[in-house]
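Input: a single structure, listed below in structure tokens.
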Amino acid sequence: MSTTFEIKVPDIGNVHDVDVVAVEVQTGDVVEIDQTLITLETDKASMDVPSTVAGTVQQVHLKVGDKVNEGSLIVTVLVSEEAVAESSTVVESTTVEEVKVIEPAPKPSAPEPVEVSVPVALKSKAHASPAVRLFARELGVDISQIAQGNGRKGRILKDDVKAYVKKAMTEGITVTGGSGIPKISVPDFSAFGEIEVQPLSKINRITGQHMTSVWLNLPMVTYHDEVDITDMEDFRVSLNSGRNNTLKYTGLLFIMKALSAAMQQFPRFNSSLSSDGQSLIFKKYLNIGIAVDTPNGLVVPVLRDVPNKSIKQLAIEIAEKSEKARAGKLTAAEMQGGCMSISSLGGIGGKAFTPIVNAPEVAILGVTKSSIQPVWNGKEFEPRLMLPLDLTYDHRVIDGAEGARFMEALKYYLGDVRRLLV
Ligand code: CAO
6 MSTTFEIKVP DIGNVHDVDV VAVEVQTGDV VEIDQTLITL ETDKASMDVP STVAGTVQQV
66 HLKVGDKVNE GSLIVTVLVS EEAVAESSTV VESTTVEEVK VIEPAPKPSA PEPVEVSVPV
126 ALKSKAHASP AVRLFARELG VDISQIAQGN GRKGRILKDD VKAYVKKAMT EGITVTGGSG
186 IPKISVPDFS AFGEIEVQPL SKINRITGQH MTSVWLNLPM VTYHDEVDIT DMEDFRVSLN
246 SGRNNTLKYT GLLFIMKALS AAMQQFPRFN SSLSSDGQSL IFKKYLNIGI AVDTPNGLVV
306 PVLRDVPNKS IKQLAIEIAE KSEKARAGKL TAAEMQGGCM SISSLGGIGG KAFTPIVNAP
366 EVAILGVTKS SIQPVWNGKE FEPRLMLPLD LTYDHRVIDG AEGARFMEAL KYYLGDVRRL
426 LV
């Protein structure tokens with residue numbers, strides 16, 4: 006005789022609508038006690054929910070992507086009566102097998118870092134337990150790069166991670182992540198006064214991870230200059246006050262056009278290094294990413310085919326994308342395919358800063374606030390509107406002289422935007 010047993014999501018703490026990121030069993034599978042049934046993931050932690058009985062899975066009630074709460078039905082299992090008798094006490098004490106914070110934890114002993122991370126979307130597809138994922142992170146391995154593991158149904162095991170590292174060492178493949186630098190110790194700040202701890206947003210964490218990876222992997226140089234935009238500003242103001250104009254024309258639109266013209270002139274700025282670092286990939290398309298400040302953190306929507314778009318089209322698109330960005334509604338596709346990015350702080354202030362390249366792009370243009378400056382015209386000082394520009398580039402791809410020439414080209418176009426028409 007056998008009986009049917011329902012296994013439900015146990016007490017998972019005070020969290021709701023938790024994502025199911027992996028379902029490890031299917032109808033007909035024979036499961037053991039403690040065998041993982043599903044993996045749940047919140048912003049902060051990942052957890053395996055184990056089976057509390059041994060038997061045969063009769064029905065799986067969840068799929069990847071579902072959201073669950075305590076008490077949600079996971080599976081029904083057909084269990085022999087003897088097993089029910091044995092397992093009843095286990096059911097009472099059902100707990101989540103493992104709760105692990107999945108923040109990256111660089112270890113001093115981690116291997117040399119080299120390669121910039123792959124798109125975030127790929128990372129959640131790894132078929133591995135939280136313990137194995139944590140192990141991989143500790144070794145600086147991006148687990149999404151391990152195609153398949155040797156566990157049941159291709160699940161990635163610790164041994165697979167070790168084998169990947171071994172291969173990376175012998176074949177010179179680079180491993181993402183682990184910095185090999187000592188961690189910064191964080192004191193107990195409450196010893197000095199009242200504190201409040203707030204978790205970082207998902208965007209903050211993803212950006213932070215990407216920026217750290219870029220900072221550690223790219224030898225970056227930032228070149229500062231300024232350009233006289235007095236004439237451009239006159240034109241811009243006239244556009245804004247033009248008849249029937251409902252759009253907002255900001256300097257950023259002209260900067261995008263000038264940048265795309267300079268990139269066409271200097272194609273290395275529209276390239277990326279191959280992952281083995283042995284060749285350059287030149288792009289025949291030209292898309293520009295614009296850093297947008299949102300309540301949840303920095304996002305970079307990409308505007309496509311910039312050389313073939315008018316200032317007006319770009320004005321419409323930037324307004325649309327930044328509104329979508331601030332509402333948290335940008336899709337992953339809208340943030341992919343950038344060739345070079347612009348980070349404009351000009352609406353806020355600043356004289357100069359050192360933007361970080363949005364790798365695998367090879368350069369980024371920073372912009373701060375324009376101001377009237379006295380400029381010597383050969384006879385006298387004239388008040389001119391000067392715009393500060395900061396060009397950061399990957400020195401593995403771009404030499405200092407080429408960086409300086411690129412900046413001169415940019416200034417050439419911005420100094421007289423009619424040149425963009427030629
Ligand atoms: N100098 C002087 N004024 C400037 C300027 C500059 N370089 N750039 C913009 N302005 C002015 C604009 O003309 C506008 O003036 P009005 O309000 O009088 O019309 C005002 O500042 C606000 O501009 P804006 O920010 O709305 O528009 P934008 O096209 O310049 O920028 C966007 C759009 C989406 C890039 C911007 O809103 C934004 O989010 N910037 C922050 C990007 C960021 O966070 N970068 C940091 C990344 S690294 O951490």
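Position one of the sequence shown corresponds to residue 6 (the numbering used here), numbered consecutively onward.
Ideal Cβ positions, reconstructed from N, Cα and C, are used throughout, including at glycine.
Bear in mind that the values here come from a model prediction, so they are computed numbers and not experimental data.
| Asked | Found |
| --- | --- |
| Go ahead and pull the three-state DSSP assignment for Glu158. | The question names Glu, but residue 158 is Lys in the sequence shown. Note: Lys158 maps to helix in three-state DSSP. |
| Hey, out of Ala27, Ile234, Leu244, whose CA is closest to Arg160's CA? | Ala27 |
| Which residues share a DSSP beta bridge with Pro388? | Pro379 |
| Per DSSP, Asp24 is paired with what? | Glu46, Lys72 |
| Could you check if Asn245 is buried or exposed, using at least 16 other CB atoms within 10 Å of its CB as the buried criterion? | exposed |
| Quick check on Pro360: buried or exposed, where buried means 16 or more other Cβ atoms within 10 Å of its Cβ? | buried |
| Could you tell me the alpha carbon to alpha carbon distance between Leu67 and Leu303, rounded to whole angstroms? | 34 Å |
| If we ignore side chains and look at the alpha-carbon of each, how far apart do Ile189 and Thr397 end up? | 27 Å |
| Assign Pro306 to one of two classes, buried (16 or more other C-beta atoms within 10 Å of its C-beta) or exposed (fewer than that). | buried |
| What do you get for Phe197, buried or exposed, if any count of 16 or more other CB atoms within 10 angstroms of its CB means buried? | exposed |
| In terms of DSSP beta bridges, what is Gln64 paired with? | Thr81 |
| How would you call Asn250, buried or exposed, if buried means at least 16 neighbouring beta carbons within 10 angstroms? | exposed |
| So for Tyr290, helix, strand or coil by DSSP? | coil |
| Does the distance between the C-beta of Lys262 and the nearest non-hydrogen atom of the ligand CAO fall short of 6 Å? | no |
| Helix, strand or coil for Thr212, going by three-state DSSP, please let me know. | helix |
| So, with DSSP's three-state summary, where would you put Glu91? | Bear in mind that the predicted position of Glu91 carries a pLDDT of just 48, short of 50, making it unreliable; the figure below should be weighed with that in mind. Glu91 falls in the helix class under three-state DSSP. |
| Rounded to a whole number of angstroms, what is the C-alpha to C-alpha distance between Leu319 and Ala168? | 48 Å |
| Return yes when the C-beta of Ile377 is under 6 Å from any heavy atom of the ligand CAO, and no when it is not. | no |
| Quick one: grab the DSSP three-state call for Gly33. | coil |
| Looking at the unbroken beta strand (DSSP E) that takes in Lys13, where does it start and where does it end? | 7 to 13 |
| Can you confirm whether the region 374 to 390 touches the region 211 to 228 when touching is taken to mean that 3 or more C-beta pairs between the two stretches lie within less than 8 Å? | no |
| Using a Cβ-based criterion (distance less than 6 Å to any ligand heavy atom), does Thr217 qualify as near the ligand CAO? | no |
| Shortest alpha-carbon distance to Thr57 belongs to which of Glu75, Pro15, Ile211, Leu45? | Pro15 |
| Which of the three DSSP states, helix, strand or coil, is assigned to Pro312? | helix |
| Can you find a C-beta in chain D that's less than 7 Å from the C-beta of Val28? | The question asks about chain D, but that chain is absent: this structure has only one protein chain. |
| Comparing alpha-carbon positions, which option in Leu139, Lys262, Leu278 lies nearest Glu366? | Leu278 |
| Along the chain, which unbroken stretches of the alpha helix (DSSP H) at least 4 residues long are found entirely within the region 311 to 363? | 316 to 331 |
| Quick one: grab the DSSP three-state call for Leu370. | strand |
| Quick one: grab the DSSP three-state call for Leu394. | strand |
| To the nearest angstrom, how far is the alpha carbon of Val146 from that of Pro187? | 18 Å |
| I'd like to confirm the pairing. Which residues does DSSP put opposite Leu285 in its beta bridges? | Leu278 |
| Within 10 angstroms of the Cβ of Asp165, are there 16 or more other Cβ atoms? Answer buried if so, exposed if not. | buried |
| Quick check on Ile43: buried or exposed, where buried means 16 or more other Cβ atoms within 10 Å of its Cβ? | buried |
| Does DSSP put Ala59 in a helix, a strand or coil? | coil |
| On the three-state DSSP scale, how would you describe Tyr417? | helix |
| Looking only at its own chain, which residues have a Cβ that is under 6 Å from the Cβ of His229, when we skip the five neighbours before and after it? | Ala357, Asp395 |
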